[in-house]
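Presented below is the structure to which this report refers.
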Amino acid sequence: MPHEWNNIWVVTKDELVPKYYTWEQLKLTIWRYEGKPYGIKRVQRACNNRPMLVSFDSLPIEIQNAIGDPRKVDSILERYYEIDPDAVTFYTTVKVGVKGTLETEVQEEYIINASVLQAAIKLKKARELERVSKGITIRGLMATISSDVNGFNKVLRAKYGIEHTLPSSARKFEKTYNEFVKCGYGTLISKKYNNRNAVKNTDEVRALLESMFVSQKHKPTPTEVSRQYEGFLNGYVEIINNETGEVYNPKDFKKLSKRCITSFLASWGSKVVTYSKRGGDRQKHLEQFIPYYDMKQPEYAGSMVSVDDRQPPFEYAPNERVWFYNAVDLGSECLTTWVYGVHKKGVMADFYRQMVRNYAEWGLPLPAELECESNLNSALKDTLLRDGVMFQHVHIEANNPRGKRCERYWRGFRYEKEKKKEGWQARPFAKSEPNQVSSHKVPLIPYEKIVEGCLLDIQEHNNSPHSNTKKYPGKSRWEVFLENQHPSLKPINYKSFLRYLGYKTETSCNAGTIRLQAGKYWLGDDGEIYTGQRLIELLKVVDGKELDVYWIDGNDGQVLKALVYLRGSDRCVCEAIVKPVCVRATIEKTADGKSAEEITARYIATVNGYVSSRKKAIDKVTVIDNRTAVINNKFKIRGLNSLEIKESVEVEILDQEQNEDGEFEYNPNTVQPSFKKELAETF
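So that you can map any letter, position 444 of the sequence shown is 444 in this note's numbering, and since no number is skipped, the others follow by simple counting.
What follows is the structure, given as structure tokens:
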């Protein structure tokens with residue numbers, strides 16, 4: 001989904017690749033239009049865990065429409081409208097005269113009006129910036145704002161069941177708008193209340209101080225900002241709004257003490273915003289300011305699996321470390337899936353294939369829910385990681401380590417197991433002294449040895465006692481994983497995800513047999529070879545046809561599951577099941593061999609029976625074809641006696657005499673054959 005970044009709308013590389021471009025195509029397209037005023041534009045390079053960002057507005061219009069533009073709403077104000085909490089505080093606490101606070105209905109009216117005006121302020125700033133960037137005059141801008149505010153009542157009525165009561169006239173609205181911007185919430189209170197609470201709003205002063213604190217590249221301290229502000233009031237410092245080009249007038253701002261400025265910039269309400277905007281470490285900001293959930297550990301294995309990548313702290317070459325992508329079952333704390341390599345490219349498909357292989361080998365259903373990060377998984381969220389496809393529920397966390405439980409397990413691996421090994425690399429900015437870089441030279445470790453050590457750590461972890469020894473006394477994590485599966489888990493539904501995850505092979509079906517991976521497969525479904533009428537109906541569809549088979553192999557390298565589709569179709573026709581192999585020697589036959597022979601006999605008998613029954617149902621007929629291939633007989637070759645078809649001539653049928661019983665009587669005198677030929681017949 002496009003998001004706002006530095007006042008422009010952008011998308012990440014993963015939102016474009018591979019759905020709309022290959023990575024090579026995207027790089028080439030960006031390079032082709034670099035430095036030109038048109039074409040796709042990259043606004044941020046990928047480095048230091050930062051994603052590559054591409055300007056959303058520079059994309060082709062068909063891709064914009066396919067992704068969806070979040071700016072296209074029923075009303076442009078809907079994008080900016082939200083209930084103003086400061087307005088709620090002001091109108092619910094302000095006292096008017098001696099009668100106390102405002103009536104509840106009036107409070108709601110003023111809160112809605114103030115919230116709409118705040119949205120109008122944001123809209124005006126955005127529209128001014130857009131017009132200035134495009135070289136369009138801002139004359140008549142307030143008329144458009146007034147029109148949008150008037151039209152916004154339809155959205156308020158439809159979505160919230162409320163209305164604002166701001167003036168519908170553009171001139172009166174502009175007056176109300178300017179008074180609200182200048183003097184704040186008190187201007188909306190009717191004069192009938194004898195309002196004496198309208199005071200000069202200090203929001204502009206606070207906004208200016210925060211802008212000065214955030215916008216300067218050298219990151220000034222609150223004390224330095226207070227000195228600059230004093231110089232601004234005295235005319236020695238100029239402050240210009242980078243978006244609008246407005247030069248701030250010192251006369252519009254009041255004098256503040258140094259303590260007032262530093263206290264404000266050091267307050268939580270200011271720090272939580274300014275530190276986020278000018279800070280470069282999002283994780284530290286989350287730790288310092290943002291609350292987090294406390295989650296209860298799942299009680300059953302298979303309820304949820306948490307996945308993420310990690311790099312074991314060992315180098316096999318200078319600045320080169322192995323990439324692992326692991327899955328932890330949160331109920332049993334058991335690591336159930338692991339893949340590794342020298343880079344992350346293509347690791348996700350291999351990871352989820354390996355998860356299917358492992359769970360199928362153990363005879364277990366896939367977990368009900370997946371918890372993962374968005375960096376590597378965002379490209380799969382509309383296919384493999386859509387709810388109900390491979391997992392019943394999928395929770396994707398965007399750049400939030402605290403949202404993924406597996407991060408805690410990686411810490412345990414790093415400091416409890418791996419730290420004791422040779423070649424361990426400390427974090428460069430570790431807070432705890434025992435975890436900081438030591439004075440000893442750290443050697444490089446061979447790649448194979450790093451991988452072997454990590455796999456041994458996983459094995460040791462799974463065979464270690466579960467952390468909840470009270471609930472699972474004497475049980476290892478692996479035993480808890482096998483014995484405490486959730487009873488409501490569903491069997492693996494290969495049909496829902498194998499087209500996204502499996503390998504594709506183009507083949508065909510002949511004589512009821514499909515050849516795949518040097519093996520022979522028969523037709524069936526759900527692990528059962530079809531016979532009888534089900535097989536006949538299936539053969540009518542696939543036999544002699546070109547097919548697409550999507551399959552996945554198991555840990556033993558053999559085909560684990562294979563689904564059959566007609567070539568180019570997205571409908572699963574059946575399953576390809578390994579053809580049974582019968583034992584030729586009678587003395588060597590086992591129960592499995594007899595079962596295979598029985599299935600084979602029924603499969604063959606089904607086809608033979610169908611042929612036999614259909615043969616008997618077919619009648620014998622004689623077909624006389626009187627059609628000719630010529631149009632006429634005008635062309636003839638002399639001396640060639642060819643059979644000529646003469647036109648038939650109707651002859652007269654003579655009446656025959658009947659006797660009293662209605663029978664015909666033969667009279668030889670009526671038959672007068674003549675053997676004399678006419679002269680014309682002689683020639």
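Ideal Cβ positions, reconstructed from N, Cα and C, are used throughout, including at glycine. Keep in mind it's a predicted model, so treat the numbers as computed, not measured.
- From N493, L498, K540 and V305, residue whose alpha carbon lies closest to that of V746: Limits of the chain in this structure are 1 at one end and 683 at the other, which puts residue 746 out of reach.
- Can you say whether R584 is buried or exposed, counting buried as having 16 or more other CB atoms within 10 angstroms of its CB? As a first step, residue 584 must be located in the sequence shown, where it is residue number 584. It is exposed - the Cβ of R584 has fewer than 16 other Cβ atoms within 10 Å.
- Query: With which residues is W478 paired in a DSSP beta bridge?
  - Reply: Mapped onto the sequence shown, residue 478 falls at position 478. Paired residue(s): none; W478 is not in a bridge.
- Task: Please state whether DSSP places K431 in a helix, a strand or coil.
- Result: In the sequence shown, residue 431 corresponds to position 431, counting from 1. In the structure shown, K431 falls within a coil segment according to DSSP collapsed to helix, strand and coil.
- Query: When you compare each of R42, T144, F232 and S115 to W5 by their alpha carbons, which one comes out closest?
  - Reply: For this step, residue 5 is matched to residue 5 along the sequence shown. The shortest C-alpha separation from W5 is found at R42.
- Under the DSSP definition of a beta bridge, which residues are partnered with R310? The residue you call residue 310 lines up with position 310 of the sequence shown. F324, per the DSSP bridge assignment.
- Query: Do the CB positions of T383 and M355 come within less than 8 Å of each other?
  - Reply: In the sequence shown, the residue the question calls residue 383 occupies position 383. In the sequence shown, the residue the question calls residue 355 occupies position 355. Against a cut-off of 8 Å, the Cβ pair of M355 and T383 comes out as no contact.
- Query: If you count every other CB in all the chains shown that lies within 10 Å of the CB of D309, and 16 or more means buried, which is it?
  - Reply: Here residue 309 refers to the residue found at position 309 of the sequence shown. Buried, by the Cβ-count rule.
- Test item: CB-CB of L560 and A360 under 8 Å: Taking the first residue of the sequence shown as position 1, residue 560 is located at position 560. Taking the first residue of the sequence shown as position 1, residue 360 is located at position 360. Cβ atoms of L560 and A360: closer than 8 Å.
- Message: When you compare the region 485 to 499 with the region 291 to 302, are there three or more beta-carbon pairs, one atom per stretch, that lie closer than 8 Å?
- Response: Counting Cβ pairs under 8 Å, three or more are found: they touch.
- What residues in its chain sit with their C-beta under 8 Å from that of G568, if we drop five residues either side in the sequence? Counting from one through the sequence shown, the residue named residue 568 turns up at place 568. D548.
- Return the Cβ separation of I83 and I111 in integer angstroms, given the expectation that the two are a contact with Cβ distance under 8 Å. Residue numbering aside, residue 83 sits at position 83 when the sequence shown is read from its first letter. Residue numbering aside, residue 111 sits at position 111 when the sequence shown is read from its first letter. Yes, I83 and I111 are in contact; Cβ-Cβ is about 7 Å, under 8 Å.
- Beta-carbon spacing of Y91, L77 below 8 Å: Here residue 91 corresponds to residue number 91 of the sequence shown, with the count starting at 1. Here residue 77 corresponds to residue number 77 of the sequence shown, with the count starting at 1. No; because the gap between Cβ atoms is not below 8 Å, this pair is not in contact.
- Message: On the CB-based measure, 16 or more other CB atoms within 10 Å of its CB, does M304 come out buried or exposed?
- Response: Counting from 1 along the sequence shown, the entry for residue 304 is found at position 304. Around the CB of M304, 16 or more other CB atoms lie within 10 Å, so the residue is classed as buried.
- Take R386 and list the residues in its own chain whose beta-carbon comes closer than 8 Å to its own, dropping the five residues that flank it on each side. What you label residue 386 is simply residue 386 of the sequence shown in a count that begins at 1. The answer, listed in chain order, is V394.
- Item | Cβ pair E575, G512 closer than 8 Å | Position 575 of the sequence shown, counting from 1, holds the residue named residue 575. Position 512 of the sequence shown, counting from 1, holds the residue named residue 512. In this structure, G512 does not lie closer than 8 Å to E575 by Cβ.
- Message: Is the separation between the beta-carbon of S75 and that of D148 shorter than 8 Å?
- Response: Reading the sequence shown from its first residue, position 75 is the one you call residue 75. Reading the sequence shown from its first residue, position 148 is the one you call residue 148. Yes, these two residues count as a Cβ contact at 8 Å.
- Message: Between the alpha carbons of T469 and E315, how many angstroms are there, rounded?
- Response: As a working note, residue 469 is residue 469 in the sequence shown. As a working note, residue 315 is residue 315 in the sequence shown. C-alpha separation (whole angstroms): 36 Å.
- Item | Residues near G161 in its chain [Cβ-Cβ closer than 6 Å; skip 5 each side] | Locating residue 161 in the sequence shown gives position 161, counting from the first residue. Annotation for G161: no residue places its beta carbon closer than 6 Å to its own, counting only its chain and skipping 5 residues before and after.
- Where A515 falls: helix, strand or coil (DSSP): Sequence index remark: in the sequence shown, residue 515 carries index 515 (1-based). Here residue 515 turns out to be Arg, not Ala, going by the sequence shown. In the structure shown, R515 sits in a strand (DSSP, three-state: E or B).
- Message: V181 and S253 - do their beta-carbons sit closer together than 8 Å?
- Response: Within the sequence shown, numbered from 1, the residue matching residue 253 stands at position 253. Within the sequence shown, numbered from 1, the residue matching residue 181 stands at position 181. The residue you asked about is not Ser; residue 253 is Phe in the sequence shown. Result no, Cβ atoms of F253 and V181 do not sit closer than 8 Å.
- If we count the other Cβ atoms within 10 Å of its Cβ and call it buried at 16 or more, is I514 buried or exposed? Here residue 514 is taken as the residue at index 514 of the sequence shown, counted from 1. Buried, since its Cβ has 16 or more Cβ neighbours within 10 Å.
- Query: When DSSP builds the beta bridges, which residues end up paired with L53?
  - Reply: Taking the sequence shown and counting its residues from 1, one reaches residue 53 at position 53. L53 pairs with T12 and Q44.
- Can you tell me whether DSSP reads H395 as helix, strand or coil? By 1-based counting over the sequence shown, the position of residue 395 is 395. The three-state secondary structure of H395, taken from DSSP, is strand.
- Same chain only: Cβ atoms within 7 Å of N195, ignoring 5 sequence neighbours per side: Within the sequence shown, residue 195 is the residue found at index 195, counting from 1. The predicted position of N195 is uncertain, since its pLDDT is 42 and thus under 50; no value can be drawn from it.
- Query: By Cβ distance, which residues of its chain are closer than 6 Å to L129, with the 5 residues on each side in sequence left out?
  - Reply: Here the question's residue 129 lines up with position 129 in the sequence shown. Once the five neighbours on either side are set aside, the close Cβ partners of L129 are E243.
- Query: Any idea what DSSP makes of E575, helix, strand or coil?
  - Reply: Start at 1 with the first residue of the sequence shown, and residue 575 comes out as number 575. In this structure, DSSP gives E575 an extended state, which the three-state scheme calls strand.
- Message: Looking at the strands, I want to know which residues DSSP matches up with G268.
- Response: Position 268 of the sequence shown holds residue 268. Contrary to the premise, residue 268 reads as Trp rather than Gly in this sequence. Answer is none; W268 lacks a bridge partner.
- Secondary structure of Q436, DSSP reduced to three states: As a position in the sequence shown, residue 436 is number 436, starting the count at 1. Looking at Q436 - three-state DSSP - the assignment turns out to be coil, as it is neither helix nor strand.
- Query: Using the C-alpha atoms, what's the distance from K475 back to R357?
  - Reply: Taking the first residue of the sequence shown as position 1, residue 357 is located at position 357. Taking the first residue of the sequence shown as position 1, residue 475 is located at position 475. Roughly 25 Å between the two C-alpha positions.
- Item | Residues of its chain near V225, where Cβ-Cβ distance is below 7 Å and the 5 sequence neighbours each way are ignored | Residue numbering aside, residue 225 sits at position 225 when the sequence shown is read from its first letter. L209, M212, F213, I261 and L265.
- Three-state secondary structure (DSSP) at E506? Position 506 of the sequence shown, counting from 1, holds the residue named residue 506. Note: E506 maps to strand in three-state DSSP.
- Per-residue DSSP class, three states only, for T606: To locate residue 606, count along the sequence shown from 1; it is residue 606. Three-state DSSP puts T606 in a helix.
- Query: Is F683 helix, strand or coil by DSSP?
  - Reply: Along the sequence shown, read from residue 1 onward, the residue named residue 683 stands at position 683. For F683, the pLDDT reaches just 49, beneath the cut-off of 50, and the residue's location in the model is therefore unreliable, leaving the point undetermined.
- Message: Let me check understanding here. Comparing Cα to Cα, which of T586, K495 and R602 lies closest to I536?
- Response: Looking up residue 536 in the sequence shown gives position 536. Nearest option by C-alpha distance: R602.
- Does DSSP put V546 in a helix, a strand or coil? Taking the first residue of the sequence shown as 1, we reach residue 546 at position 546. According to the sequence shown, residue 546 is Glu rather than Val. E546: strand per DSSP, three-state reduction.
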